Structures are given as C-alpha cells and as structure tokens.
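Just so you know, the sequences run in chain order A, B, C and D.
Last residue of the first sequence? That's 372 in our numbering, and every number before it is there in order.
Last residue of the second sequence? That's 372 in our numbering, and every number before it is there in order.
Last residue of the third sequence? That's 372 in our numbering, and every number before it is there in order.
Last residue of the fourth sequence? That's 372 in our numbering, and every number before it is there in order.
Glycine included, C-beta positions come from ideal geometry on N, C-alpha and C.
In this text, all values refer to a predicted model and were calculated from it rather than measured experimentally.
4 protein chains.
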Amino acid sequence: MIKAGIVGATGIVGQQFIVALKGHPWIEIAALAASERSAGRSYKEAITDAQTGALRWFCQEPPVEEVMAMPVQNATEMDISALDIVFSAIESDQAKILEPKFAADKPVISTASAFRYDEDVPILIPGINSEHAKLIDVQRKGRGWKGFITPIPNCTTTGLAITLKPIYESFGINAVIMTSMQALSGAGRSPGVIGLDILDNIIPYIVGEEEKVQRETQKILGKIVSSSISPAKFNVSCTCTRVNVREGHTESVFVSTQKACEVNDVARVMREYRGSANEAELPSAPKRMIIVHEDPFRPQPRLDRDAEDGMATVVGRIRKDNVLKNGIKYLLVSHNTKMGAAKGAVLVAELLIRDGYIA
Amino acid sequence: MIKAGIVGATGIVGQQFIVALKGHPWIEIAALAASERSAGRSYKEAITDAQTGALRWFCQEPPVEEVMAMPVQNATEMDISALDIVFSAIESDQAKILEPKFAADKPVISTASAFRYDEDVPILIPGINSEHAKLIDVQRKGRGWKGFITPIPNCTTTGLAITLKPIYESFGINAVIMTSMQALSGAGRSPGVIGLDILDNIIPYIVGEEEKVQRETQKILGKIVSSSISPAKFNVSCTCTRVNVREGHTESVFVSTQKACEVNDVARVMREYRGSANEAELPSAPKRMIIVHEDPFRPQPRLDRDAEDGMATVVGRIRKDNVLKNGIKYLLVSHNTKMGAAKGAVLVAELLIRDGYIA
Amino acid sequence: MIKAGIVGATGIVGQQFIVALKGHPWIEIAALAASERSAGRSYKEAITDAQTGALRWFCQEPPVEEVMAMPVQNATEMDISALDIVFSAIESDQAKILEPKFAADKPVISTASAFRYDEDVPILIPGINSEHAKLIDVQRKGRGWKGFITPIPNCTTTGLAITLKPIYESFGINAVIMTSMQALSGAGRSPGVIGLDILDNIIPYIVGEEEKVQRETQKILGKIVSSSISPAKFNVSCTCTRVNVREGHTESVFVSTQKACEVNDVARVMREYRGSANEAELPSAPKRMIIVHEDPFRPQPRLDRDAEDGMATVVGRIRKDNVLKNGIKYLLVSHNTKMGAAKGAVLVAELLIRDGYIA
Amino acid sequence: MIKAGIVGATGIVGQQFIVALKGHPWIEIAALAASERSAGRSYKEAITDAQTGALRWFCQEPPVEEVMAMPVQNATEMDISALDIVFSAIESDQAKILEPKFAADKPVISTASAFRYDEDVPILIPGINSEHAKLIDVQRKGRGWKGFITPIPNCTTTGLAITLKPIYESFGINAVIMTSMQALSGAGRSPGVIGLDILDNIIPYIVGEEEKVQRETQKILGKIVSSSISPAKFNVSCTCTRVNVREGHTESVFVSTQKACEVNDVARVMREYRGSANEAELPSAPKRMIIVHEDPFRPQPRLDRDAEDGMATVVGRIRKDNVLKNGIKYLLVSHNTKMGAAKGAVLVAELLIRDGYIA
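This is how it looks when you write it as structure tokens:
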C-alpha cells in the first residue's frame with residue numbers, strides 16, 4: 014500500500030481527502046497534519062469543539078472512524094519520511110511555503126493554486142491531459158527535488174476543460190464564452206459564503222476565479238513542446254457567479270469550433286470520450302467521463318452532481334449558437350468537491366502510481 | 014382621470030397592476046375582471062379561500078383596500094364601454110381570443126406574448142423605443158379597430174434591451190451572448206416553480222424563453238421603416254436558467270460592438286442614458302433608467318432589484334471581453350415583476366396617454 | 014416472491030414505492046396503475062412529458078430501469094387477480110373509493126389517511142405497535158373481505174410515535190407538546206409548496222395536520238382491548254409548520270412523564286429500544302430504530318434524515334423541561350418520505366408477510 | 014437635538030443604528046467609534062474593502078450618505094464629552110469593559126447582554142415595562158455613575174415578552190413553552206451562519222439562547238418591589254432553532270393561564286394592548302404593538318416582519334391547547350433586527366428622553 018499524508022487534514026478539503034481514501038485499494042492514510050493548534054491531539058479531539066462537544070465534521074458522508082484515533086501533527090514540522098505521497102489541502106499562501114519543503118523529498122498532490130502557473134508544473138486531469146505528467150521529470154531535474162508538486166485545477170476549470178477536450182480533439186476550438194453558477198462549497202468555510210448574503214440572492218463576483226479558468230483551461234488543453242507546455246491557442250472569457258446551491262457548479266458554455274459540427278456530433282464525441290490511456294480503469298475514475306442528457310431540463314446540480322460518485326461531468330441542452338462562428342452551446346454540471354477537489358486529486362495520485370511516478 | 018379595467022385581476026400579475034395603480038395621478042381602476050368562477054363576487058371574496066379564509070394576495074405590498082369591495086366581472090363578458098384603457102394580465106392563449114375583442118373598441122396594454130410578434134404591433138419600452146408607438150396608427154387602420162394592442166416584452170428581454178440601447182446608439186452592436194439566472198416570480202403561480210424542485214438547485218431550461226429574448230430584442234431595437242419595424246441586425250444567443258431567487262432577473266451579457274470602446278465609455282453612455290423623449294417625467298418612470306455600480310460585488314438581485322422602485326436596470330462588472338470582436342461583458346439585474354411586468358405596462362400607458370394615443 | 018401492485022404509480026409516492034421495492038428480497042413489482050390518462054402506456058411513456066421529452070421522475074435515486082417497460086393500468090379498472098398485495102399511493106378521496114374495492118380481495122397497504130381512523134383499522138409502525146396487526150382479523154370478518162386495509166400514519170406522526178414509545182413503556186406519559194418544522198416533500202407535488210411562497214419564509218399552518226398527529230399518536234400507542242384499540246390516554250398538542258427543507262421533518266417535543274426520569278434514562282431507553290418482535294430483522298427495518306446524539310447541534314435534517322437509509326428516527330438535545338410535570342424535551346428528525354411514507358409501508362408489508370397476514 | 018454616539022458603528026448592528034437614526038426628530042448622530050483598525054478613517058473608508066473597493070454595508074436600506082464623511086474614533090479611547098447618549102453595538106465581552114467606562118458619565122443603551130442580569134439594571138421594552146426605568150436611579154446611586162446602562166433584551170425574548178404581557182395582565186400566566194425558528198440575521202456576520210450549513214437545513218441549537226429567553230422574560234414581566242425587580246413567577250421552557258430565513262424570528266408559543274380564557278379574549282387583549290404610558294406616541298413606536306391575524310396562514314416571517322417598519326409583533330393561529338391548564342397556543346413573528354435590536358434601542362432612548370432620564 015502507498016502511504017499517504019494529508020496536510021490540512023482538519024479542514025473541509027482535508028476531510029474530503031479522508032473520505033476519498035476510505036477503503037482505497039492502493040493508498041492508505043499514514044499521517045495527518047494541521048495547524049499548530051491541533052498538533053499533538055488525536056484527530057477526533059482536533060475536530061471536536063471544546064465548548065459544545067460538537068464534532069466539526071463537514072462532509073455529507075459520515076465521519077471516518079478509522080482516522081479518529083490518529084495523531085495530528087503540526088504541518089510545519091510534519092515528519093514525512095515514512096510517507097510515499099503528501100496530499101495538500103492547505104490555503105495557497107501556506108502552500109507556497111510548505112509544498113516545496115515536502116516536494117524536496119516526496120510527491121505532493123495539491124488542491125492549492127500556488128504552483129499551478131509555474132512552467133514546469135502540470136495541472137493534471139487524468140483522461141484529459143495525462144501525458145502532461147512527463148513534465149514531472151523536468152520539474153524534478155530543474156528544481157533538484159526527489160519529489161514533485163502536481164496541483165489539480167480550480168474546481169470551475171475542471172468541468173469546462175473536460176467537456177471541451179473531445180470538442181477540441183474532433184473539431185478544434187476558436188473561442189469559449191462561459192458563465193458559471195457556482196456552489197457554496199467552492200468557497201469553503203473560513204467563513205465561505207454567509208447565509209445572510211446568499212439567501213434569495215446571487216453574488217456576481219468571485220475574486221480571481223475568472224482569470225484562473227482562462228489560464229488553466231489553456232494550459233490543460235495545451236501540448237508538451239520540448240519539455241514545456243504550449244497552451245491551447247483559443248481564448249476563454251468568463252463571468253463567474255455564486256448561487257445558493259450546496260454542491261455542484263453549473264456552467265453555461267458557448268464554443269466556437271474550427272470545423273463546423275452538428276449538435277449530434279458534439280453529443281457523440283462527448284459520450285464516446287474515453288481518455289487517452291485507460292484512465293477509466295483507475296479506482297476513483299468515472300466509467301463515463303461525460304454523461305450527455307437529451308432531457309432539456311438536465312443537467313441540474315442537485316440531480317446530477319453525484320453522477321458516478323461526483324466524478325462524471327454531466328452535460329445537457331447541446332444546441333447551435335447563432336452568434337459565434339460554428340457556434341455550439343450547452344450547460345454542464347460538475348461536482349466541485351469530488352472531481353473538482355480531493356477525489357480528483359486522489360485520481361491524479363492513482364494515475365501517477367500506475368504510471369510509475371509514485372512508488 | 015383615465016378609467017382603467019384590469020383583466021385577470023385575481024392572479025399575481027393582476028394584483029401587481031392593482032398595486033402599480035394605487036394612488037396613480039392619472040389613472041384610476043374602474044373595473045376588474047377574472048374567470049367565471051370569480052364573477053359576481055367582490056374582489057375580496059374572489060381572492061378569499063373558501064376553506065381556510067386565507068386571502069390569496071400574492072404581492073409583497075399589502076392588499077389594496079380601495080379595490081376590495083369592487084365587483085369582479087367575467088372576463089369573457091366584461092363591459093368595457095365606460096373604460097379608457099384595458100390592462101390585460103391573462104395567459105397567452107386566452108389573450109389571443111379576448112384582447113382583439115377589447116381592442117376593437119379600446120386600447121389594450123398587455124403582459125401576454127400573444128401579439129408581440131405581429132408586424133403591426135409594437136413592443137414598447139418607454140425611453141427605449143417610444144417612437145415605435147407610431148405603429149399603433151398602422152395597426153388601427155389595418156385591423157379596423159378603434160382601440161389597439163401594445164404588449165410589453167418578456168421580462169427577460171426588458172433589462173437586456175434597456176442596457177443594450179445606449180451601447181447600440183453609441184457604438185453599434187454585432188452580436189450578443191447572454192446567460193440568464195431568472196427569479197421564481199417570473200414563472201408565476203400556476204403552479205410556477207415547485208419549492209422541491211428549486212431548493213439547492215438550478216433549472217437549466219425555461220420553455221420558449223430563449224427564442225422570445227432573441228426576437229424581441231431585435232424588434233425593440235429595430236427602426237420603423239415605411240410603417241413597419243425593421244429589426245436590429247445583430248443576433249442574440251442566450252441560455253435561460255431558473256435560480257432560487259424570489260424576484261429580480263440577473264443576466265450575464267457579452268456584447269460585440271461595431272466601434273471599439275472602453276469600459277469607461279460603456280459605463281458613461283449607460284449612466285447618461287435618458288431616453289428619447291423626456292420619458293423620465295412620466296409618473297412611474299425611474300429617474301435613472303440604468304444604474305451602474307463600480308463595486309464588483311454588484312449587482313445582486315436582493316440588493317438591487319428594488320432600485321427606483323424596481324423600475325431601474327442595475328449594471329455592474331463592466332469589463333473587456335477577449336473573445337468577441339470589440340468585446341464588452343457585464344451583469345445586470347432587472348426587476349421582472351415591476352419594470353418587467355405590470356408597472357412597466359403602466360409606464361407604457363403613461364407614455365401613450367401623454368402622447369395622445371389614449372384619451 | 015410476493016407479487017405487488019402499485020396504485021398511483023406515476024406520482025411521487027408511487028415512485029418512492031418503486032425505489033423501495035427495487036431489488037427487494039421478498040417482494041416484486043407485478044403491476045402498476047395510475048390515472049386514465051396514463052393507462053395503456055408503458056411506465057416510461059406515462060412519466061415522459063410529451064412536449065419537452067423530460068422524464069417526470071421525482072426521486073433523488075435514479076429511475077428504476079426494471080419498471081420502465083411495464084404497462085400502466087387504469088387504477089379504477091386494475092386487474093389485481095394475480096397480485097398478493099396492493100400498495101396504494103393515491104390521494105385520500107380516491108382511496109375512499111378504490112381501496113375497499115381492492116381490499117375485498119387483497120391486502121392493501123396505504124399511505125392515504127382515508128381509513129386510518131376507522132375502529133377496525135390498525136395504523137401500523139413495525140416495532141412500535143406490531144401487535145395491532147391482530148385487528149386485521151376483526152376487520153376482515155366485520156367487512157367480509159378476503160383482503161384488508163392497513164394505512165401507515167401521517168409522516169409527522171411517525172417520528173413522534175416512535176420516540177414516545179420507549180418513554181411511554183418505561184416512564185408513562187401524561188402529555189405531549191410538539192412544534193414541527195416540516196419538509197417540502199411532505200406536501201407532495203400537486204402542486205405542493207410553491208418556491209415563491211417558501212423562499213426566505215415559514216408557512217405556519219398545514220391544513221388538518223395537527224388533528225391527525227394527536228389522533229394517530231394516541232391510537233398507535235394504544236392497546237388492543239377486546240378486539241378494538243383503546244387509545245393512549247395522554248393528550249398531544251401540536252403546532253405544525255412548513256420550512257424550506259427538502260426532506261426530513263424536524264420536531265421539537267416536550268413530554269410530561271408519569272414517573273420522574275433523568276435525561277440519561279431517556280437517552281438510554283431510546284437507544285436500547287428494539288421493538289417488540291424482532292422487527293429489526295425485516296429487510297427494510299433500521300438496525301437502530303432510534304439514534305440519539307450527544308452533540309447539541311444534532312439532529313439536523315440534512316445530516317440526519319438519511320440515517321439507516323431514512324428508516325431511523327434521530328434524536329438530540331434531550332434535556333429537562335421545567336414547565337411540565339416530570340418534563341423532558343428533545344428534538345427529532347424523521348425522514349418523511351422513507352420511514353414516513355413508501356418505505357415505511359413496505360416495512361409494514363414485510364411484517365405482515367412474516368407474520369402470515371399476506372401470502 | 015440629543016447628540017448620540019454609536020460604538021461598534023461599522024458592524025451590522027452599528028449600521029442598523031445609523032439607519033434607525035436617519036432623519037430622527039429628536040436625536041442626531043454626533044460620533045462614531047469602532048475598532049482600532051477603523052480609527053482615524055472616515056466612515057466610508059472604514060467600511061470599504063481595500064482589496065476590491067466593495068462597500069461593506071449590510072443593511073437592506075441604502076447606505077446613509079450623511080455619515081459617510083464622519084470620522085471614526087477608536088472605541089477604547091472614544092471622546093464622549095460632547096455626547097448626550099451612547100448607543101452600544103459591541104459584543105458582550107467588550108461591552109463588559111467599555112460600557113461601564115461610558116456609563117460613568119453618560120447614558121448607555123446597549124444591545125449586548127453583558128449587564129442584562131445585574132440586579133440594578135432594567136431590560137426595557139417601552140410599552141411593556143416602561144416603569145422599570147425607575148431602576149436607573151438605583152443604578153446611578155449604587156454605582157456612583159452620572160450615566161447608566163440600559164440593555165435591550167435578546168431578540169428572541171422581545172416578541173415573546175410583548176405578546177405575553179396582555180395575557181399576563183388580563184389572565185395571569187402559569188407557564189410558557191416555546192419553540193423558536195430564528196432568522197439568520199440574529200447570528201450576525203462574524204461569521205454568523207454559513208450558507209453551506211443552513212441551506213436545506215435547520216440548526217437545532219443556539220448557544221446560550223434558551224437560558225436568556227427564560228431569564229429575561231421573567232425579569233421584563235416582573236414588578237419593581239422596593240428598588241429591585243421581582244421576576245414574574247411563571248417558568249418559560251424553550252427550544253431555540255435556526256432556520257433559513259433572512260430576517261424575522263418565528264415563535265410557536267404554548268401558554269397556561271391562571272384564569273380560563275377564550276381564543277377571542279386573547280385576540281382582543283392583544284389587539285387592544287396599548288402600553289402603560291402613551292408609548293405609541295414615541296417617534297419609533299409602532300401604532301399597534303401587536304397585530305393579530307385571523308388568516309390561519311399568518312404570520313409568515315417574509316410577509317409580516319416589516320409590519321409597522323419592523324416594530325410590531327405579529328400574531329396568528331391563536332387556539333386552545335388541550336395539554337396545559339387553561340392552555341392557549343399561537344405563533345408570532347418579530348423583526349429581530351428592528352424591534353429586536355437597534356431600532357428597539359432607539360425606542361428605549363426616546364422613552365428615556367421623554368421621561369427625563371436623558372437630557
């Protein structure tokens with residue numbers, strides 16, 4: 014079994030890692046780390062509110078009994094010597110400091126954005142750009158690390174990049190316009206979105222999100238050219254909003270393709286999309302990466318976010334657009350805290366284990 | 014005082030007409046009509062639930078005491094001889110039958126879509142296309158009516174057409190892409206959107222809505238050429254969704270302009286937009302047709318829908334778009350049941366009274 | 014296998030029966046019936062919207078493929094000759110007419126209230142009052158039926174009666190005061206609660222609900238005395254409200270007990286409660302009928318409604334009350350459309366099959 | 014004009030004070046104070062987010078232009094020499110330190126709980142226990158202060174105490190049982206209730222709330238006996254929950270009265286209740302303290318919270334209860350951030366100004 018440590022284990026993303034690894038066939042949780050305040054306590058103590066005795070467990074799934082007695086280490090002094098991999102669930106500013114420290118010795122798979130835009134760092138989505146993993150060798154060599162850092166994309170990028178991939182392969186893409194209606198869970202809990210602000214409302218701005226989506230989509234759909242990634246050439250323009258939905262980002266997408274294509278062609282290439290290298294056989298992978306509905310009332314976040322345990326991207330309302338050149342429009346729902354966060358990162362780990370980057 | 018009748022007076026739109034006309038300086042309610050079931054009862058009886066005694070009053074504003082004792086007539090046999098104008102708040106299939114009957118004698122201002130797309134019927138938004146009122150003469154003559162029919166636009170068209178107008182005038186428009194996040198009130202109450210379906214959810218489809226928005230926007234921004242409207246030439250592509258917001262449609266708009274323009278130019282022409290013919294002096298008109306926010310977290314439907322008593326369109330996040338030619342993007346919030354429904358229809362009546370079409 | 018028919022199969026409760034019986038070890042679905050409109054079509058056709066092609070499937074669980082090709086019969090002419098049992102998911106006024114017709118020949122288990130208050134009709138909750146099944150013989154004899162009718166309780170009664178039972182057994186009960194905060198799904202979809210009415214709101218009245226809870230609780234906790242039920246003697250006073258929660262009724266309960274008891278005693282008798290006759294071994298039964306939390310922030314409907322697949326009642330905040338004699342207060346969450354509806358009715362069927370009332 | 018200072022002016026309660034005092038006929042805002050971080054800046058600067066330029070204004074009412082240029086002082090060093098009164102909108106732990114400092118010189122009216130339970134401190138609700146103001150003299154004398162402290166009640170106590178008062182006067186009270194369904198705004202914004210936690214949910218526990226309601230209700234309805242308050246003798250047992258409503262606490266109340274009374278009697282004494290000393294003539298006072306609905310679907314928080322600008326308590330569903338001795342039950346809605354917070358505190362100031370305690 015691969016021994017994994019989780020940094021940021023008491024937060025919501027850390028807890029999602031614990032859920033994603035429960036009963037995992039290849040990976041076991043061997044260490045947990047969090048802030049100094051939690052250090053030295055059992056995991057259960059660390060997530061128990063001292064005043065009220067309430068358990069601060071934030072996942073819809075029940076608390077994972079197996080980790081409750083495990084000790085929590087101080088993240089800044091974490092002993093990673095016995096680990097094979099570190100899952101990082103910390104904020105970006107902390108990640109800037111801690112992740113390179115861990116990566117000097119061990120592979121780090123991160124949900125933070127700190128290193129996503131570095132030239133020698135791939136943003137991996139297994140099945141979409143698995144071949145970008147080659148950049149890991151460049152990174153190791155250039156930085157003199159035994160380990161490496163591979164971040165996953167921003168949760169809003171994930172579903173967009175996945176659904177664009179078969180279109181890009183089959184028809185080419187000139188440009189993408191997207192409006193997102195993002196779930197509350199994407200904002201986390203510190204404090205995330207306050208109930209007072211979102212009830213009967215929409216928040217029309219998510220700081221930094223739109224820039225991330227454009228940059229990451231181009232990088233993920235880019236090609237490796239002489240040991241670096243040449244980003245895809247099309248532009249992505251988006252408006253990202255927050256709506257009163259618990260989980261599951263909904264995106265309204267308009268695409269201009271290079272070759273003309275019919276609605277049925279787009280539905281077909283999405284449905285048939287299988288990834289580049291048998292990724293569907295990985296333990297956490299969805300059997301179908303993309304599910305396409307004919308029912309015009311789908312996808313809906315509440316009904317579709319959990320498809321394939323939150324690992325599939327669900328698409329509907331594929332139609333012609335009459336504004337863009339060879340315009341196609343559709344909606345997608347993507348589970349932002351499953352495929353878009355911890356479980357997506359575990360899937361990356363599975364790919365890298367299978368392909369020999371982690372051992 | 015102009016004497017008005019309201020057809021469909023017991024429904025939610027009818028009640029909004031009653032609220033919009035309460036204390037009106039020019040218009041008084043002189044007759045109410047509804048289905049056969051209500052006919053012959055007082056308005057209060059007609060909206061009182063027999064079983065529970067509950068008042069079926071659906072507006073946020075308190076019930077209007079002045080109409081409670083008024084008799085309700087049967088819409089199909091309504092006596093309009095003493096009226097100067099009929100406000101129609103009925104469904105489209107009924108409107109097809111009843112509105113021409115009324116229009117043979119009297120001016121009819123309607124929230125229904127039944128006649129919106131007829132060649133000799135203008136879709137009026139005072140201040141945006143007031144000059145289309147000229148088509149009324151063509152209509153009267155062609156149909157041999159003493160009265161006429163002027164429908165208001167679909168509530169999703171209203172805010173879009175209003176915000177596009179100053180851009181169109183100043184810079185020209187090549188194309189528009191829009192994703193709407195529409196409020197529950199837009200779906201009415203028969204039964205409208207069920208709570209079970211929208212809680213923690215988005216409905217990605219509103220039957221017929223997208224076609225209406227494209228067609229109406231082009232017609233509203235079109236020009237009168239030899240006694241008919243030549244629609245604006247740009248295409249409008251949209252995706253319309255329903256979100257868990259009570260009132261106020263939010264729209265994410267991407268515009269390609271003919272002349273290049275800066276963000277500040279767009280903000281300026283929107284802020285300075287005053288309409289073509291002193292419409293701001295009409296009793297129900299907003300002082301500012303468009304309010305532009307600099308705060309990137311605006312507009313929000315809950316905070317902005319009631320601006321100028323729901324008659325202003327509120328815009329924010331005007332930015333460059335890097336996909337469309339001379340691309341500009343922004344968000345808007347428009348009150349779908351004030352400017353977008355009954356009170357917007359009352360504003361049309363005011364324009365037509367002032368300009369001599371109703372007397 | 015026991016062959017079951019479902020009447021009202023296209024509605025939400027009917028669909029919940031289909032889900033509850035999917036893969037059932039003892040019972041298979043052998044017939045489906047609904048209104049005349051659906052008769053003669055396949056189940057899939059019957060629940061497909063003709064205009065949009067959308068599937069009108071209302072459960073959170075995916076549609077059950079096994080029934081899609083089954084024919085739907087007209088409920089009023091349903092052929093039940095080959096069935097062993099009929100599950101009735103129809104409205105009460107229809108149930109009054111159809112259920113006796115079916116019961117003349119076959120056992121009918123119903124979610125409707127039509128016969129709940131008849132003297133010879135038990136309202137069964139397996140594990141709480143299984144012994145009331147004896148009344149079936151009285152009913153058959155008295156009415157000259159080969160079959161019988163056993164309704165389940167109102168969904169708000171279920172969790173209350175279950176949690177009161179161990180208190181009643183161990184300490185006796187003088188009186189109960191309860192305020193409910195009920196989920197939207199309890200109101201069904203015809204049209205149920207409109208989104209506009211419940212967003213940012215509470216509806217303080219549910220027609221007929223409070224009377225049902227008092228009467229049913231007394232009957233369920235009553236004793237069989239010479240072939241009829243002598244209701245429990247304590248009064249139940251409640252106020253039932255509707256809140257913006259999708260599933261899971263929350264109830265705030267205050268109980269006056271006959272013997273004084275401590276908080277720990279109440280928690281213990283609830284936790285240890287196992288039912289009267291090995292009901293936990295029935296296929297749909299929860300392993301624990303009542304789950305008691307120490308965490309004062311539990312139970313919460315979203316976190317606790319699905320405990321034991323919605324078949325457990327979850328209790329928290331057991332405290333002393335200083336107003337009632339020997340006062341105890343607590344909150345409970347009960348899944349109103351699992352234990353409180355179709356799956357609860359299937360559990361009744363299992364009890365009656367095991368105990369020889371159905372064969 | 015009475016010159017008022019607001020301490021905690023940048024928080025949500027501080028902003029509600031600013032709104033409540035806008036255009037006040039007797040009181041003008043003369044000083045604002047907040048944390049050290051805000052000190053030395055204009056109010057507008059202090060509530061503007063440096064990163065995004067967004068205005069952190071939390072009230073539904075628009076920002077009050079008149080205060081935007083006013084300087085914000087450091088609360089711990091606030092100069093109160095020119096003030097006639099201090100409104101305190103700070104947290105309880107801070108209030109413990111700062112309020113006595115201010116009270117040494119000036120009258121302090123506070124929304125904090127810090128001093129509510131001190132023997133010489135009245136918890137005033139004008140019209141309910143105005144005569145408790147006499148305790149101010151005892152307080153001043155005992156503490157050697159020129160000023161004094163008068164806190165308002167917890168927002169959940171307010172509506173309960175108001176509706177119990179006419180019952181208590183007319184029929185006497187033996188005991189009260191109450192379940193509250195409280196709005197999000199009652200939890201404030203630091204961070205208050207997170208959207209993720211309350212969507213599709215109820216939180217069954219509010220730390221400390223239940224104890225406050227019991228204690229404060231008894232004190233408010235108590236009598237002054239030889240210079241201290243003798244609390245009302247009846248017990249109050251409650252369960253306080255949080256629901257997904259923005260503003261307006263709903264309470265389900267069960268009361269045992271000493272004298273038997275009919276539903277109509279209770280409705281009448283509530284409707285006729287006018288307070289003890291012409292409080293309705295105070296500028297912020299509601300014309301009707303209690304509004305009683307016959308419609309069984311009222312009160313609803315969204316429809317009734319704003320009655321009399323949030324200063325009336327709205328009651329409905331008055332019925333007999335069959336559990337308590339002379340039992341009566343009803344529901345109430347009370348605006349927790351108008352009558353229950355800042356505007357309620359301004360009303361206290363008005364009473365004390367009129368009666369000569371502030372000058």
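Where residue i meets chain G, residues with beta-carbon distance less than 8 Å
i, result
"Leu148(D)", "Note that chain G does not occur in the displayed structure, where the protein chains are A, B, C and D."
Min CB distance residue i to chain B below 9 Å
i, result
"Asp368(A)", "no"
"Ile215(C)", "no"
"Ser48(C)", "no"
Contacting residues, own chain, Cβ-Cβ under 7 Å from residue i (five flanking each side not counted)
i, result
"Phe184(C)", "Thr270, Gln271, Lys272 and Cys274"
"Pro217(B)", "Thr254"
"Ala196(C)", "Val258, Arg259, Glu260, Gly261, His262, Pro314 and Asn349"
"Arg330(A)", "Pro309, Tyr343 and Leu344"
"Leu68(D)", "Ile60, Thr61 and Pro76"
Cβ of residue i within 9 Å of any chain A Cβ
i, result
"Tyr218(B)", "yes"
"Phe247(C)", "no"
"Phe184(B)", "no"
"Phe71(D)", "yes"
"Gln227(B)", "yes"
Contacts around residue i, its chain only, beta-carbon distance under 6 Å, and the 5 residues preceding and following it disregarded
i, result
"Lys1(C)", "There is no way to answer for residue 1(C), as the model of chain C reaches only from 14 to 372."
"Ser240(B)", "Val151"
"Ala290(C)", "Ser143"
Assumed close pair residue i, residue j - CB separation to whole angstroms, cut-off 8 Å
i, j, result
"Val80(D)", "Ile25(D)", "That pair is no contact at about 15 Å."
"Leu373(B)", "Ile165(B)", "Since the first residue of chain B shown is 14 and the last is 372, residue 373(B) is not available in this structure."
"Val206(C)", "Gly208(B)", "4 Å"
"Thr169(B)", "Val226(B)", "5 Å"
"Ala95(B)", "Lys154(B)", "Not a contact, Cβ separation roughly 26 Å."
"Glu321(D)", "Leu173(D)", "Not a contact, Cβ separation roughly 18 Å."
"His306(D)", "Pro312(D)", "6 Å"
Chain C within 9 Å of residue i, Cβ atoms only
i, result
"Val26(B)", "no"
"Leu212(B)", "yes"
"Pro204(B)", "yes"
"Val189(D)", "yes"
"Thr124(B)", "no"
Short CB-CB distance (under 9 Å) between residue i and chain D
i, result
"Met283(C)", "no"
"Val134(A)", "no"
Quiz item: Per the contact definition of three or more C-beta pairs closer than 8 Å, is the region 278 to 292 of chain C in contact with the region 194 to 208 of chain C?
Solution: The region 194 to 208 of chain C vs the region 278 to 292 of chain C: no contact.
Quiz item: Does the pairing of the region 327 to 347 of chain B with the region 140 to 153 of chain B give three or more beta-carbon distances under 8 Å?
Solution: No: fewer than three Cβ pairs fall under 8 Å.
Quiz item: At what residue ranges does the region 32 to 61 of chain A contain a whole run of the beta strand (DSSP E), taking only runs of 3 or more?
Solution: 40 to 47
Self-check item: Complete runs of the alpha helix (DSSP H) confined to the region 84 to 119 of chain B [at least 4 residues]
Solution: 105 to 116, all fully within the region 84 to 119 of chain B.
Quiz item: Curious, which full-length beta strand (DSSP E) runs of at least 3 residues does the region 178 to 242 of chain C contain?
Solution: 186 to 195 and 236 to 238
Quiz prompt | Contact between the region 165 to 175 of chain A and the region 122 to 132 of chain A (3+ Cβ pairs under 8 Å) | solution = yes
Exercise. With a floor of 3 residues, list each beta strand (DSSP E) that falls wholly inside the region 262 to 307 of chain B, ordered by position along the chain.
Key: 262 to 270 and 303 to 305
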